[in-house]
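J.:
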Amino acid sequence: MTYREITKSFVLKFAVVVVVVVVVVIVVVVVVVVVVVVVVVVVVVVVEVVVVVVIVVVVVVVVVVVVVVVVVVVVVVEVVVVVVGAVVVVVVVVVVVVVVVVVVVVVVVVVVVVVVVVVVVVVVSSSNSSSIV
56 MTYREITKSF
66 VLKFAVVVVV
76 VVVVVIVVVV
86 VVVVVVVVVV
96 VVVVVVVEVV
106 VVVVIVVVVV
116 VVVVVVVVVV
126 VVVVVVVEVV
136 VVVVGAVVVV
146 VVVVVVVVVV
156 VVVVVVVVVV
166 VVVVVVVVVV
176 VVVVSSSNSS
186 SIV
């Protein structure tokens, strides 16, 4: 082989090696870019899903808390209404009993006074008539 053939063979081999290296580098760069894009897309999707789940959980918790607070307020109001109603009923019953007792006492006193007056009148009248006779 002559120097020229050796050089030509070396240049061809070197060119093939350079082309293979360039192709490998391009393939590696493309694969790395694709992997990075896929990872970014997966991370974005996962973050969006997590955000949506957190929003749904927060909304559900807020709704449950509001419902519990409303139920507690309604129950407390109902208990207060029942207690106030019971107190009003007790007060009304006590007032009615006191009024009835006062009326009965007044009636008894009036009857006793009338009876005493009648007895006194009868006795006095009887004693006056016997003295006249």
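Mapping of the sequence shown onto my numbering: position 35 corresponds to residue 90, and the numbering continues sequentially without gaps.
Ideal Cβ placement from N, Cα and C applies to all residues, glycine included.
With DSSP as the reference, label THR57 as helix, strand or coil.
T.: THR57 falls in the coil class under three-state DSSP.
J.: Just the C-alpha distance for VAL73 and VAL102, rounded to the nearest angstrom, thanks.
T.: Going from the Cα of VAL73 to the Cα of VAL102 covers about 43 Å.
J.: For VAL179 and VAL167, I'd like the C-alpha separation in whole angstroms.
T.: Answer to the nearest angstrom: the Cα atoms are 18 Å apart.
J.: Counting only runs that start and end within the segment 58-110, where is the beta strand (DSSP E) found for 3 or more residues in a row?
T.: As far as the segment 58-110 is concerned, it has no whole beta strand (DSSP E) run of at least 3 residues.
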